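Student:
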Amino acid sequence: MKLPRRVKLVDVGPRDGLQNEKEPVPAAVKIALVHRLQDAGLKEIEVTSFVSPKWVPQMADAAEVMAGIQRKPGVRYSVLTPNLKGFEAALSSRPDEVVIFGAASEAFSQRNINCSIAESIERFAPVVEAARAKGIYVRGVVSTVVGCPYEGEIAPERVELVARLMKEVGAQHLGVADTIGVGTPRKVQAAMEAALKHYALDDVSGHFHDTYGQALPNTLACLEMGVWQFDSSVAGLGGCPYAKGATGNVATEDVVYMLHGMGIDTGIDLDQLVDAGKFISDFLGRKPNSRAATAILNKRAA
Ligand code: HMG
Ligand code: MG
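Letter 61 of the sequence shown, counting from 1, is numbered 76 in the numbering used here, and no numbers are missing.
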């Protein structure tokens, strides 16, 4: 057991959380959410995606959202850029970090980004080159590391292959993503071990959707390996349009509650985070999908 003393959480709510919403969320609401997250102490926020508006209409306002944010010193703003066209569109938004996203499953790669795994790496190469030439940090993500909605179970060897390809192409960090939330602790550890064959412990993160309620135990299993960076989504928002039935990411509020209870520092103010989650949940007309947020809101109301 080598539990980290502090953990960095990347809130992917504005991007992963909102991309799947059917009704358009105004840019001003997305911007207000980012502001609330940074005020709550988040040090990195995944703001939006520069993807095809035909594929993901909710992210069509990417440039407007990035332009509207009042940046806070010490906070990093990341965006998804699946190809050079997306990267070039993102440049004037001055992202601190760009995210290239591939998959351990061929079928998911085809459905999500319309190309094979090998083709995706060819598309990523010029993005990485251009980003690094401009001093922009590049995070790679590998999706469907445990299971795929189209292919079923995914072996760790396939995660290792994409981890190697991401490393070769120059991605500086690797996110290990259980896109459909089917993972359980040992399987997620095996996927993370596969990533660690090519990336250092300081350069990997976990991204766990909570479809089967396993995201917290999966987070704990990775903490026990020494992993200290995770993506999470305020109010448990989220889902991928190309992974039907999968629910949101693990709620940031739940992860923060667990970590603080374990004496692990996050730099996040849980009360302000709960307010941020309530803000966006109120806008969407639903309750926060977070047990910790629900408990805290009930306690406040009592
Ligand atoms: P494509 O059709 O293969 O690309 O799409 P293309 O180069 O053949 O271009 C076709 C059309 O798309 C052209 O427009 C291009 O200009 C346009 P047309 O001539 O038909 O009018 N186009 C673009 N427009 C805006 N931005 C761009 C862009 N690229 C091409 N960057 C592409 C390839 C990747 C763009 C497309 O498949 C796409 O946008 N897919 C959506 C991917 C996505 O956003 N998925 C959800 C996020 S990933 C996720 O949620 C998983 C994650 O959370 C981790 C996990 O949980 O696993 C990260
Ligand atoms: Mg995701």
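All C-beta atoms, glycine included, are put in the ideal place defined by N, C-alpha and C.
Every value quoted in this text rests on a predicted model; they were computed, and no experiment measured them.
Which same chain residues, not among the five before or five after residue 177, have their C-beta less than 6 angstroms away from its C-beta?
Tutor: 117, 119 and 157
Student: Report whether the distance from the Cβ of residue 192 to the nearest heavy atom of the ligand MG is below 7 angstroms.
Tutor: yes
Student: Taking the alpha-carbon of residue 199 as reference, which of 209, 269 and 224 has the nearest alpha-carbon?
Tutor: 224
Student: What residue range does the alpha helix (DSSP H) around residue 306 cover?
Tutor: Residues 306 to 316.
Student: Please confirm if the segment 202 to 216 is in contact with the segment 125 to 132, defined as three or more CB-CB distances below 8 angstroms between the two stretches.
Tutor: no
Student: Excluding sequence positions up to five away, which residues of its chain have a Cβ less than 7 angstroms from the Cβ of residue 273?
Tutor: 231
Student: Is the segment 242 to 258 touching the segment 18 to 28 in the sense that three or more CB pairs, one from each, lie closer than 8 angstroms?
Tutor: With three or more CB-CB distances shorter than 8 angstroms, the segment 18 to 28 counts as touching the segment 242 to 258.
Student: Please confirm whether residue 171 has its beta-carbon closer than 8 angstroms to some beta-carbon of chain D.
Tutor: Although the question refers to chain D, the structure presented lacks it and comprises just one protein chain.
Student: Confirm the yes/no value for this check: CB of residue 26, any heavy atom of the ligand MG, distance under 7 angstroms.
Tutor: no
Student: For a test of the three-state rule: what should DSSP assign to residue 35, helix, strand or coil?
Tutor: coil
Student: Tell me the residue span of the alpha helix (DSSP H) that contains residue 104.
Tutor: It spans 99 to 106 - the alpha helix (DSSP H) in which residue 104 sits, taken as one unbroken run.
Student: Can you give me the Cβ contacts of residue 45 inside the same chain, cut-off strictly under 7 angstroms, excluding the 5 residues immediately before and after it?
Tutor: 29, 33 and 80
Student: Between the beta-carbon of residue 295 and the beta-carbon of residue 250, is there less than 8 angstroms?
Tutor: yes
Student: Assign residue 110 to one of two classes, buried (16 or more other C-beta atoms within 10 Å of its C-beta) or exposed (fewer than that).
Tutor: Around the beta carbon of residue 110, 16 or more other beta carbons sit within 10 angstroms, so the residue counts as buried.
Student: State yes or no: is the C-beta of residue 151 nearer than 7 angstroms to some heavy atom of the ligand HMG?
Tutor: no
Student: State buried or exposed for residue 229, treating a residue as buried only when at least 16 other CB atoms are found within 10 Å of its CB.
Tutor: buried
Student: Does at least one heavy atom of the ligand HMG sit under 7 angstroms from the Cβ of residue 243?
Tutor: A distance criterion of 7 angstroms places the beta-carbon of residue 243 beyond contact range of the ligand HMG, judged by its closest non-hydrogen atom.
Student: With distances taken from CA atoms, which of 254, 97 and 108 is nearest residue 262?
Tutor: 254
Student: Closer than 8 angstroms by C-beta to residue 39: which residues in its own chain qualify, once you throw out the five before and the five after it? Chain order, please.
Tutor: 72 and 73
Student: Rounded C-beta distance between residue 256 and residue 35? I'm assuming under 8 angstroms.
Tutor: 6 angstroms
Student: Which runs of the beta strand (DSSP E) fall wholly inside the segment 186 to 261 and span at least 3 residues, in chain order?
Tutor: Here the runs fully enclosed are 188 to 193, 219 to 223 and 244 to 247.
Student: For residue 65, write down the residues that DSSP places opposite it in a beta bridge.
Tutor: DSSP output for residue 65 lists no bridge partner at all.
Student: Compute the minimum distance between the beta carbon of residue 304 and the heavy atoms of the ligand MG, and state whether it is under 7 angstroms.
Tutor: no
Student: Could you tell me if residue 209 is buried or exposed, where buried requires 16 or more neighbouring beta carbons within 10 angstroms of its beta carbon?
Tutor: buried
Student: Starting from the C-beta of residue 76, find all residues in its chain whose C-beta is less than 6 angstroms away, skip the five residues before and the five after it, and write them out in chain order.
Tutor: 42
Student: So what does DSSP say about residue 278, is it helix, strand or coil?
Tutor: coil
Student: Helix, strand or coil, according to DSSP, for residue 301 in the structure here?
Tutor: coil
Student: Does at least one heavy atom of the ligand HMG sit under 7 angstroms from the Cβ of residue 163?
Tutor: no
Student: Taking the alpha helix (DSSP H) that residue 54 belongs to, which residues open and close that run?
Tutor: 42 to 54
Student: Considering only their Cβ atoms, is the gap separating residue 291 from residue 48 smaller than 8 angstroms?
Tutor: yes
Student: CB-CB under 8 angstroms to residue 219, same chain, minus the five flanking residues each way: which ones, in chain order?
Tutor: Within the same chain, residue 219 has close Cβ partners 188, 189, 190, 191, 207, 210, 211, 242 and 244.
Student: For the candidate residues 162, 269, 19 and 145, whose alpha-carbon lies nearest to that of residue 98?
Tutor: 145
Student: Can you name the start and end residues of the alpha helix (DSSP H) that residue 18 belongs to?
Tutor: Element bounds for residue 18: n/a, residue is neither H nor E.
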